[in-house]
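To keep things clear, I will list the structure first and then write my remarks on it.
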Amino acid sequence: MKLSDKSSKTEVSSYCYQCVAGPDLIKIDIKDGVATGIRPNFSASEIHPAGGKVCVKAFGLVQKTYNPNRVLTPMKRTNPKKGRDQDPCFEPISWDEALETIAEKLNKARDDGLSDSSGFPRVAASFGGGGTPTSYMGTFPAFLSAWGSVDMSFGSGQGVKCYHSEHLYGELWHRAFIVTPDTPLSELVLSFGTNTEASSGVCGVKRHADARGRGAKRIQIEPHLSVTGACSAQWIPIKPKTDAVFLFAMIHILLHEEKRTRLDIAYLRDHTSSPYLLAPNGFYLREEKSLKPLVWDMKTGKAVAYDTPGTEPALDGTFTASGIETGADEKSWSHENVKCQPAFTELVDHVQSYTPEWAAEICDVPASTIRDVATQYLDHAHIGETIEIEGMELPFRPVAISLGKTVNNGWGGYECCWGRTVMACLVGALEVPGGTLGTTVRLNRPAGNRWSSVTPGPDGFMYYPMNPTSKEEWISRSPSRHSHRTLVPLAANSPWSQALGPTHLAWMQQQKGFDHLPEPTQPDVWFVYRTNPAISFWDTGAIVDVMANFPFTVCFAYTHDETNHMADILLPECTDLEGLQLIRIGGTKYQEQFWDYQGFALRDPAIKARGEARDFTWISTELAKRTGLLKKYNAAINKGAGGVPLRGENYDFSLSEDTPHEVEEIWDTICRAASAEVTDGEQSQGLEYFREHGHRVKKFSRQRWYLYPEMIRQGLRFELPYQERLFRIGQELGARLHEQGITWWDRQLLEYEPMPKWHDLPGLWERALSTRFEIDIDDYPFWLITARSMQYAWGGNAGLQMIDEVAKNIAGHGGIIMNPQAAQKLGLSDGDVVEVSSPIGKTSGAVVLRNGIRPDTLLMIGQFDHWVTPFAKDLPSPSMNSLTPMMLELTDATGSGSDLVRVAVTPVGGRS
Amino acid sequence: MTRWAMAVDLNRCVGCQTCTAACKHVNATAPGVQWRKVLDFEVGEFPDVRRAFVPVGCMHCDDPPCLDVCPSTATKKRDDGIVSIDYGICIGCSYCAVACPYQARWKVDVPNAAFKSAQMRHEIVNEREERRSVAQKCTFCTNRIDRGLKNGLTPGVDPEATPACVNSCIADALHFGDIEDPQSNVSKQLSEHKYYQMHEEVGTGPGLFYLWNFGSAKETSTEPALMVADPVGASAVSPKLQTSWDWRAAANFIFGGAGAGLFAAATIAGYQTGYSWLAALIAMALVGAGLFCVWLEIGRPWRFLNVYLHAKRSWMTREAFAAVPFFGLGILAAYTSSPVIWFAAAGLGLVFLYCQGRILQAAKGIPAWRQDEIVPLIVATGLTEGLGLFAIIAMVAGLGESALNMVILALLVMVLIRYFAWYRYRKSLGQVGAPTKTFEELDRGILNLSLKTQLLVLVVVAAGLAIPAMLVPGGLLALLSGWVFKFTLITRAAFDQGYAVERMPARGAGDSGPGIKPGWTLS
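In the order they appear, the protein sequences are chains X and V.
Convert by adding 15 to the 1-based position in the first sequence; the result is the number in the working numbering.
Convert by adding 14 to the 1-based position in the second sequence; the result is the number in the working numbering.
See below:
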């Protein structure tokens, strides 16, 4: 059926994947060819984890489509000067002119070589939304694949506004790009700032509501009473950036104040590195010949390789043993009868001083509260119990800990992720029913499901694709401007790795290059889609200056905005309700999408595209044609760049590679391959089938929600609590950097501790700001933090009136949330307009008094500060992005930073 | 019998506003209009703070005040309990809006245009012209229920027959069903939870039931929702000044009351001293001016005759019914000296004045108005104002000294009676409580009904016994202090009921907590 034949339709099926918590399935109501409404897709209620429902953002799609402020024709910049103060003087042009202009730049770049003199790709691209733009960009990934090397390091929030440390350490430890409780079975969830009810989408909200409905308990530990705190049984207001001490103190309680028998000793012994013996230099003591880590066998009273059958490894104690110790750069020590302890004993010693009383002083939570929480955690762990999951008996441990943004990224992220995962291991709750789980993989391959990504690695642990740190293999010139392969071994080298690098370094090096790294260069061509780093990153003033210097920027533009204010070409693409695409659904996906099915869903255009907007697949094909890449482009589609490989064991729907294909032909073919994949080659219906049904799925085993069965099957252990591998890699990385003369990453090297110690993190911020900006930190007495808003998060919808209207029903939108005690000291009342300033900038807004926030903390919800985006620019909403500096000192070893800054508040008069 | 109702599980609601948005979609409501919305409540002081989200909208009350007050019968209650509005006969007087204690009624005069520059295509397609300038509110998605039932579907179970907000709720916090059917969704929820109804003390029998804890049977808090006079961060849920009735409505009470009072005074005085056609005409002009002002306020002014459709229940209809013969007989009286006609006309004027008192009393959405004591106060102040005005007219017209002294004495008595009525009203209001700002406005200023001011009025009026000319300022003071009071009552002290949480919900394994009635106080 052609789009033009659809005018008589009254509804179509589609999906909403505006945020990472999707995709969710929708129905669109159509009247007289006009999309009039969005509804849940109840025909998918049996297969979708949230019964086919969608969140408030999806209901903004109709207004998003008909927004009078949309860019509806291709445009070119006529003012060559770029900058915030420059009018771009965009003029409408034809698609032909737009595409030819872009192709000319691309062809020139290709002629000059894919990489420039610094080794950086000449073409860069920035996509927002945690990968979700892929579900709206049709076959553009095929074009990028055909093109070759592309720099994706100019982030729009990655690294500074994501779960960065969790992504990297989570994938290392349990294939968990995102970590979540097994909510449907949980009894107790300790949530350190996880804003589930704002960030975890429809599935997360439904799972947690169901858990509350059966009397489960969640304790929210965070500086302010978020919507998630509101939905929790208890709120514990903790001082910002001190979550690690709470976690460390809980580990102390479990190890020093509770009986060992309350822990899951068997799990620790058999499924973690706890029994591995540690040699004097901090590396494992290894068997001489095999170099396998040794454990102390209590049956035979001697050290044996960890995988020796029939042993009973010791967890507690000090033993005398002999063996080899292997350090960094293959340095080796031979030990004869040395005293050594299992990693578990080392852990016990490590946390000895981390008492609740010690923690209370730092995190401002009473020791009795910490003890109470830790005790509840043990009480609910159900050590020894099992549960049957689809015929398989698995451990049942219904306790979990989740971490939110600013807790699980930036300095302290490692400590918190480690603390959380160790807490899970102590009660055997990692990757088992009821416990702490991962959702999906992004750095390990294949990304399709977590079980398949589990392969054996060294020392009985899973393989992890670290960026090399050996002398021979270390990559001194990373093919990205943020040097992720040079600086961050954990960032790996998957298609997602660039997004997991230290993205603010890409922006920072454009301001001033880093010593002993390649000279900073600008990309010849920069593509931007569904992202607006000019307001969504940090130090937004500096970011704008950087992008104003880029020579040629192509923005797929929805409306004019702050980033495409710097563009040379604007391309209007079909938006959510106008474009055609098939995507994968099901399996396990962040944030809390755990399906019993997997398959595909269609985004069927509900209406004819407005104006001159074109389907992204058409644009991609045209670019491929005009850059001579058609064959490679079609080959990429055949290989699966459209989301489905067109060739399988029992089928082959490959497109001819020499000719361009129409949009519907491409997606019809992809639909056929999808049908074949879902039915193991038995069926091959195409677009028509999906238009009728909306989706097509097959069963996904619930056993696959848990990594534990696959770890058992492959005889692998979780690499916890001791980080011998990271300890070694850190030393090697330090050596490589120093060999190259790089010393500015030394602070980051300190993160490579085998077990993290508490470092004064609030003090780290205070010192860094004081030193860099030569300020008295006491002049900036408040910690400023942010929180997600379900209405806005990821949606790019700050320009929609309806979203603004409904979001305002939730306190704090558009203002600065402040504790009344703090306000009283400043003589402020509810609604007073204040200026909030950090050492690098200022923003203003109205005070919103709420008792649910610490007196030393301020909160700004969402990300605003728009100065171009229609409608949004007129909102009086403050934003912390212009106040938060990009600083190396505040960048952790994974390359991430936390949304946190010290600020001052000054009344400016007036009331909102 | 069937009564459709909704159970709202406060343990599950996350405040996401998906229901708000879904409702706006399905019902194509105007920017700013939210038939369904979710409120954000916070209770307590740091660090012992609770926060809860409370969906509100039309409660489809068992005894809906909006139904009682509607002068045109546009508001109806169906046999299945759904309160509906017939847009075709609604005159847009907004009486229902001030009668609703849940702030659930809206009136929009312009076509939908979220972006003010122009209507978007979906706004044009979805345009509902019949809703312009008349009352609108949540319908419980009546059309879906009716269509579903016709097709054998069960509302609350089958999405096609269920309100859009319930369908959209991502936390499954909203349940819909027939409360009279023990097997329905709602009945089951009520049997498994403790629940309350909002503003139960107003006696409306709301059809939204708020589940606040596990357990069985209805159980309100042992600690009733706490009135917090000046709550922190609760401006969105605290009482707000009603905007449905402005100075035009106030003018009806000001001029109508004084006019009716004047006619009564002129009738009684005229019986002794001869009737004054001028006083009669001034009285009728005042009443007429008041009615003209209120006519200017109604959304569909040319439907004004529909106001006569609801004599059984609405005091606004009854006021209108009293007005017509009042004018007829009043004009007749002005041309005759027949005491029968004068007294008949004056009697109708008093009925008109009494209706005004009852109009306010029936407006259950405004705590300052709905007090029983408002009726005698409105009558007393109308009569006092009328008498004050008559005194001035009499003075100017040169009434004889003894007659003038009788007027002065009568006025002194009326001022005392009015003060007594005010005292009763204010004391009673203070005992049951009202929005903090209502008290602030009622007690603000100098020219009001307070003891100090009224003593001054008495002194100045009494001075007329010695210096007859003092009757002019005395009468004016009596008149103006009444007018200022009524203007304040209608436009400045008329804070709505606001919202309240009877009990903060238990979240999962947590405990429930005391509720809050923000922005309220005893005084």
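We put the CB at the ideal spot given by N, CA and C, even for glycine.
Values in this document were obtained by computation on a predicted structure and should not be read as measured data.
With contacts defined as CB atoms closer than 9 Å, PRO357 of chain X and LEU330 of chain X qualify as a contacting pair.
Considering only beta carbons, the part of the region 181–210 of chain V lying closer than 9 Å to chain X consists of ASN181, SER182, CYS183, ILE184, ALA185, ASP186 and ALA187, in chain order.
Here SER131 of chain V has no same chain residue with a Cβ atom under 7 Å from its own Cβ, once five neighbours each way along the sequence are excluded. Using a Cβ-Cβ cut-off of 9 Å, CYS30 of chain V counts as an interface residue toward chain X, since at least one Cβ of chain X sits closer than that to its own. Within the same chain, THR574 and PRO885 come within 6 Å of ASN84 of chain X by CB-CB distance, once the 5 residues on both sides are set aside. Leaving aside the five residues that flank PRO315 of chain V on each side, the residues in its chain whose CB is nearer than 6 Å to its CB run, in chain order, TRP309. In the same chain as SER305 of chain X, and ignoring 5 residues on each side of it, the C-beta atoms closer than 8 Å to its own belong to ALA320, in chain order.
Here GLY663 of chain X really is in contact with ALA688 of chain X; their C-beta atoms are around 7 Å apart, less than 8 Å. Under the DSSP definition of a beta bridge, GLU408 of chain X partners with X:GLU403. With respect to chain V, the C-beta atom of TYR291 of chain X has no partner C-beta closer than 9 Å. Counting of Cβ neighbours within 10 angstroms places HIS753 of chain X among the exposed residues, the total staying below 16. If you compare the alpha carbons of X:THR276, X:ILE377, X:THR198 and X:GLU237 with that of PHE263 of chain X, the shortest gap goes to X:ILE377. When rounded, the separation of the alpha-carbon atoms in ALA343 of chain X and GLY419 of chain X is 33 Å.
GLU212 of chain X reaches chain V at VAL28, GLY29 and CYS30, counting residues in chain order whose Cβ is nearer than 8 Å. For the region 56–139 of chain X, the continuous alpha helix (DSSP H) assignments of 4+ residues that do not extend past its boundaries occur at 76–81 and 110–127, in sequence order. In this structure, the beta-carbon distance from ASN462 of chain V to VAL498 of chain V falls below 9 Å.
The contact set of TYR605 of chain X on chain V, defined by CB atoms closer than 9 Å, is empty, because the minimum CB distance reaches about 17 Å. Against chain V, the CB of ASN824 of chain X has a partner CB under 9 Å away; the residue lies at that interface. Fewer than three pairs of CB atoms, one per stretch, sit closer than 8 Å, so the region 340–351 of chain V makes no contact with the region 386–393 of chain V. ILE41 of chain X is classed as buried because its beta carbon has at least 16 other beta carbons within 10 Å across all chains shown. When Cβ-Cβ separations below 9 Å define contact, PHE74 of chain X makes contact with chain V. Under the three-pair Cβ rule at 8 Å, the region 33–41 of chain V does not count as touching the region 510–518 of chain V. For THR276 of chain X, no CB of chain V lies under 9 Å from its own CB, so it is not counted at the interface with that chain.
Apart from sequence neighbours up to five positions away, the residues of its chain that approach ILE792 of chain X with a beta-carbon distance below 7 Å are GLU781, LEU784, SER785 and ARG917, ordered along the chain. GLY273 of chain V counts as buried, since no fewer than 16 other beta carbons sit within 10 angstroms of its beta carbon. By the neighbour-count definition (other C-beta atoms within 10 Å, threshold 16), LEU702 of chain X is a buried residue. At a cut-off of 9 Å between C-beta atoms, MET875 of chain X does not count as an interface residue with respect to chain V. The beta carbons of LEU391 of chain V and TYR439 of chain V sit about 5 Å from each other, so the pair counts as a contact at 8 Å.
In the assembly as shown, LYS314 of chain X is an exposed residue. Its beta-carbon has fewer than 16 other beta-carbons within 10 Å. In the DSSP assignment, GLN203 of chain V falls within the unbroken alpha helix (DSSP H) covering 199–206. Annotated as distal: PRO660 of chain X and GLU680 of chain X, with beta-carbon spacing of 9 Å or more.
For ALA44 of chain V, there is no enclosing alpha helix (DSSP H), as DSSP marks it with neither H nor E. Under the DSSP assignment, GLN763 of chain X falls outside any beta strand (DSSP E), being part of the alpha helix (DSSP H) whose first and last residues are 761–764.
Within the model, the alpha-carbon separation for ALA439 of chain X versus GLY58 of chain V is close to 34 Å. CA-to-CA, the gap between LEU403 of chain V and ALA337 of chain V works out to about 20 Å.
Under DSSP, LYS42 of chain X forms a beta bridge with X:SER28 and X:ARG54.
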